[in-house]
Structure formats: C-alpha cells, structure tokens
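In the numbering used here, the protein residues as written are 1 to 548. This report concerns only the one structure given below.
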C-alpha cells in the first residue's frame with residue numbers, strides 16, 4: 001500500500017469521501033503528522049506526538065480564574081457550559097465542553113499532549129459505536145449519522161486543535177474520552193442545525209458515549225493505535241533497513257577481514273558475513289514483534305466500567321469490533337475476557353517488549369558501524385560512512401557518525417520507555433489499570449522514534465556505506481589470531497608459542513614460525529591464508545537468507 005509522506009501533507013488538502021479518510025490541515029495539530037488513509041484497508045498512520053498545545057501548553061490564566069482580560073488583551077468570547085459540577089465558561093470558538101475546560105485548568109502538567117494516533121483511534125471507535133447504536137435503534141438515525149459525520153471530520157484532521165489535554169491526567173484517560181465526546185457532540189449538533197453548549201442537540205454522555213465507558217473505549221483505542229502503527233509505520237521502516245543491510249552483505253561478500261571478540265583480534269570472516277549477522281538480528285526482532293500482534297486485535301469495547309458490560313446493548317462489543325474490522329481492514333474482536341482487558345495491559349507490554357528487542361539489536365548494529373568507521377586516520381577505518389554534515393564547531397574537517405549516534409539515543413529512550421510502561425502496566429488495581437495514558441504515550445513515542453530512526457539510518461548512512469578494502473586487508477594480514485589455523489597441524493601449545501614470539505619481537509606469524517622452526521614455508525603460506533578460515537558457509541553466506 002502506498003504510504004503518505006510527511007512532505008505530502010498539506011493544510012489545504014481536500015477531504016476524501018466517506019469511504020476514505022486522510023489527515024488534512026495536519027499542521028494545526030503537528031507539522032510532522034503522518035496521514036491516516038483508507039482504501040479498503042488501513043494504509044498509513046498518524047503516529048506522531050502532538051506538538052502544538054493550546055495557549056502554550058497551559059490554559060490561559062484568564063480562563064483558569066476569571067473572565068477579566070488583562071491590560072492590552074482582547075476579551076475572549078465565552079459560552080456557558082454545564083456538567084455535574086455546575087456551570088463553567090468555555091471559549092466560544094472551541095468545540096470542547098465543560099469537562100475538557102475543567103481538565104485544562106486542573107492538569108496544567110508538562111508539554112506532552114495526548115498522541116495524535118490515540119485521538120484518531122478514539123474517533124474511529126466513536127464512529128463505529130455511533131454506527132452500531134444507530135443500527136440497533138439505540139440512537140435516532142439522524143443523531144447517529146451526525147456523530148459519524150463529526151467523527152469523519154476529526155479523522156480527516158479538521159479539528160485537531162480541539163484536543164489540547166496532556167498525557168498527565170486521570171489514569172483511565174477519562175478526560176480525553178470526554179474531550180472526544182464533547183467535541184463530537186457539539187459538532188454533530190451543528191451538523192443537525194443546532195448550536196453548542198446549552199443549544200447542543202447531542203449529549204456527550206447519553207449519545208456519543210452511549211453504551212461505552214472510558215474504561216473500555218480508551219484501551220480499545222490504545223490497541224488500535226498501537227497495532228496500526230506497528231504494521232503500517234514501523235515494520236515497513238524495519239524492512240527497508242534490513243533490506244539495505246542485506247544488499248551491503250552481498251556487496252561485501254568477497255572482502256575477508258579480521259574478526260574481533262572481547263574487542264581483541266579474532267579469527268577472520270568476510271565483511272559480508274559480519275553484515276549478515278545484522279540482517280539476521282533485525283529478522284529476529286521482526287519475528288518477535290509480529291508474534292505479539294494477534295493479542296492487540298482484542299479490544300476491551302463492550303466491557304464498559306468494570307468488564308460486565310453494564311449499560312451496553314447486548315453484543316455491543318462484538319458489533320463495534322466487526323464495524324472496525326470492515327472499516328480498518330484488521331480482524332478486530334471484542335476481548336473474550338473484558339475484566340483482563342480493562343485491568344491489565346499484557347498485550348501492550350509484550351508488543352513493546354518486541355520494540356525493546358528491536359532497539360537492542362539496532363544499538364549493537366549502530367555501535368558496530370561507528371566503531372568500524374572510526375578514524376579516519378587513527379581508528380579502525382574499515383568502513384567509510386556517508387559524510388552528511390560538519391562534525392565540529394572547532395575542529396575543521398571533522399565528520400562524525402551522526403546517524404549512528406542518533407539511532408543509539410533513540411534505542412536508549414525506547415528501553416527507558418519500556419521500564420515506565422512495564423511499571424505502569426503492573427500497577428493496575430482490582431478492575432482497572434489507571435496508567436493507560438502513560439502506557440500508550442510511551443508505546444507510540446517508541447514506535448515513532450524507531451520508525452523515523454530506522455528510515456533516517458537507511459537513507460543517510462547504510463545506503464552509502466563503503467568498504468575500505470586496503471585498510472581491511474592490512475589489518476587482516478597483521479592479525480596474530482590467524483595462528484588459530486595452525487592448531488590442527490602443530491597443536492595449541494606450539495601455535496601459542498608462535499603467536500607470543502611474533503607479538504614480543506614484532507614479527508609476522510610466518511617469520512616467527514620459521515624462526516622457531518619445524519614448519520615449511522609452503523605449509524605456512526597455505527595454512528595462514530585467511531581465505532581458508534571462513535567456515536563451512538564461507539563467503540557465500542551473505543545473509544540474504546535471513547531477510548523475510
């Protein structure tokens with residue numbers, strides 16, 4: 001499926017018909033927002049953390065305390081909204097309602113906003129629920145249709161400025177669920193010819209949230225956002241990097257070099273064999289990630305507050321899951337045990353464990369590449385990495401392995417995310433885990449960083465790596481560990497004497513062996529040839545068989 005590139009997103013893109021959807025006016029939400037598209041199945045994802053914040057990340061003080069504008073400030077038009085706590089003023093231009101406004105006042109914490117992918121996944125759940133409620137007669141057809149149309153607008157990117165709440169809120173995600181409910185209710189009311197607030201014709205709880213609870217809707221959206229992000233953003237980037245390394249493995253198949261263990265010289269192998277190990281590591285990581293995806297197809301929808309399905313129509317969860325399956329092209333199901341779906345997040349822990357496995361492999365690969373390219377004059381110098389930008393503000397001509405450094409930083413962040421995510425998932429109490437925003441924020445950040453990092457690594461590093469053949473041959477020929485090949489012929493102890501003599505006196509292995517005596521020059525020439533030390537696979541194993 002074609003991927004929508006960030007550069008193709010336009011603030012003026014036209015909205016697609018109901019059978020398709022994409023992110024438009026994405027710059028309102030995140031200038032780096034990838035698009036959601038759908039042509040029968042999901043073909044892309046907005047797995048980017050929202051950067052834009054309302055009023056600089058915090059509610060304006062005039063909104064938090066009183067309506068009196070400060071000197072030099074224009075008065076903000078307000079409307080009066082009500083919730084169970086009473087009346088509160090909301091900026092008239094905003095689609096959100098009373099509960100979102102209270103959350104803006106009470107959760108002025110940090111810069112991290114609820115991820116875009118989670119907002120879009122919630123909108124998909126709300127759309128599917130409205131469609132099912134309309135079909136079941138739980139909502140009047142015109143209300144159900146208006147809610148779907150409002151959700152379509154959110155999915156199309158038309159109202160991303162209406163979702164300003166931080167990650168750091170209630171652990172069930174209730175404030176963000178209500179933010180969606182209020183925005184969809186007010187917008188659906190407008191589509192029906194009504195107004196906002198007191199004039200609203202659609203109720204955020206009774207209509208938009210009908211048959212639902214934050215406790216089942218939010219974790220359902222978590223699974224949707226996570227799975228679609230892995231399948232349509234991370235795995236393609238992983239495959240591209242793996243294929244690029246496989247191509248280098250084939251290109252370097254004939255280059256014999258010294259191996260290294262414990263950071264010391266070891267027996268030889270080919271550079272192609274070394275790169276084949278990287279290919280296989282990524283293949284193993286991909287297998288680990290794919291193995292976790294089936295559990296993410298299980299959705300909590302239908303469990304409502306504690307897993308019993310209180311106030312939901314019969315078979316509501318199954319019907320919503322079926323609707324989402326048709327819509328998004330994935331085999332979603334209502335979880336067989338809703339109590340576990342609300343109270344635990346083992347599926348996300350396992351899936352992020354796959355991301356951590358990938359981060360572990362990428363760290364090793366990136367570190368190997370920058371070590372092998374160290375120099376250019378005084379390091380190993382076996383590889384040359386692309387020279388993309390100046391590396392020093394003081395040392396002229398210096399170039400650094402910047403892509404490797406960026407990728408390893410990403411990997412360490414992912415590993416840190418895994419610790420916090422795991423602790424959050426472990427801390428659920430009784431019928432509900434209350435660390436859901438933390439869990440999904442960390443998951444989607446890891447997903448975004450790994451996807452972008454692998455794409456950048458492939459484009460600006462791996463694709464144009466070259467081998468320094470002269471330097472590789474020089475180091476391979478000087479390695480004392482070629483003496484290992486003598487062991488079958490003269491025994492370990494005599495071979496060790498030759499290696500120690502060569503190292504002590506600064507001799508080649510051949511010269512040291514001849515000085516000790518007992519071996520012919522012809523035998524040494526044959527036995528010490530590194531091309532004969534490449535194992536049973538030899539230089540034919542370029543690693544391409546490890547690629548999926």
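C-beta atoms are modelled at their ideal positions from N, C-alpha and C, and glycine is treated no differently.
- Burial state of residue 82 is exposed, judged by a 10 Å Cβ sphere holding fewer than 16 other Cβ atoms.
- In the displayed model, residue 379 falls within coil according to three-state DSSP, outside both helix and strand.
- About 4 Å separates the CB atoms of residue 414 and residue 446; that is less than 8 Å, so the two are in contact.
- Three or more beta-carbon pairs separated by less than 8 Å are not found between the region 380–395 and the region 421–430, which leaves the two stretches without contact.
- In the structure shown, residue 349 adopts helical secondary structure according to DSSP, grouped into three states.
- For residue 82, the uninterrupted beta strand (DSSP E) run begins and ends at 78–83, by DSSP.
- Under DSSP, residue 113 shares a beta bridge with 166.
- Taking 4 residues as the minimum length, the alpha helix (DSSP H) runs contained wholly in the region 170–213 are 174–191, in order along the chain.
- Per DSSP, residue 88 lies in no alpha helix (DSSP H) segment; the continuous beta strand (DSSP E) that holds it begins and ends at 86–91.
- A Cβ-Cβ distance of about 7 Å is found for the pair residue 461 and residue 404, placing them in contact under the 8 Å criterion.
- In this structure, 272 is the residue among 147, 238, 358 and 272 with its C-alpha nearest to the C-alpha of residue 256.
- Around the beta carbon of residue 207, a 10 Å sphere encloses 16 or more other beta carbons of the protein chains shown; the residue is thus reported as buried.
- In the structure shown, residue 265 adopts extended strand secondary structure according to DSSP, grouped into three states.
- In the DSSP assignment, residue 484 is bridged to no other residue.
- Residue 495 sits buried, since 16 or more C-beta atoms from the chains shown fall within 10 Å of its C-beta.
- For residue 439, the enclosing alpha helix (DSSP H) begins and ends at 436–460.
- Taking the C-beta atoms as reference points, residue 176 is found nearer than 7 Å to residue 114.
- A distance below 6 Å between beta-carbons, with the five flanking residues on each side excluded, links residue 182 to the following residues of its chain, in chain order: 96, 97, 100 and 204.
- Closest option to residue 323, judged by alpha-carbon separation, among 251, 401, 464 and 129: 129.
- Short of 6 Å from the beta carbon of residue 352, and not among the five residues preceding or following it, lie these beta carbons of its own chain, in chain order: 418, 421 and 443.
- A straight-line Cα-Cα distance of about 24 Å links residue 279 and residue 532.
- For a cut-off of 8 Å, the C-beta gap from residue 328 to residue 217 is around 16 Å, too long to register as a contact.
- Less than 7 Å divides the Cβ of residue 184 from the Cβ of residue 126.
- Taking the C-beta atoms as reference points, residue 301 is found no nearer than 7 Å to residue 277.
- Taking 7 Å as the cut-off, the Cβ atoms of residue 275 and residue 245 count as close.
- In the displayed model, residue 239 falls within a helix according to three-state DSSP.
- As the crow flies, the alpha-carbon of residue 141 is around 47 Å from that of residue 285.
- Inter-segment contact for the region 290–297 and the region 503–511 is absent: fewer than three beta-carbon pairs are separated by less than 8 Å.
- With respect to the C-alpha of residue 428, the residue from 103, 119, 186 and 341 having the closest C-alpha is 341.
- If one requires a minimum length of 3 residues, no beta strand (DSSP E) run lies completely within the region 276–312.
- Proximity of the region 256–266 to the region 458–477 meets the contact definition, three or more beta-carbon pairs being nearer than 8 Å.
- When C-alpha distances from residue 124 are compared across 395, 91, 180 and 335, the shortest belongs to 180.
- When the beta-carbon positions are compared, residue 299 and residue 283 stay at least 7 Å from each other.
- Approximately 5 Å separates the beta-carbon atoms of residue 240 and residue 458; this is inside 8 Å, confirming the contact.
- When DSSP states are grouped into helix, strand and coil, residue 257 belongs to the strand group.
- About 5 Å separates the Cβ atoms of residue 512 and residue 498, confirming a contact at the 8 Å cut-off.
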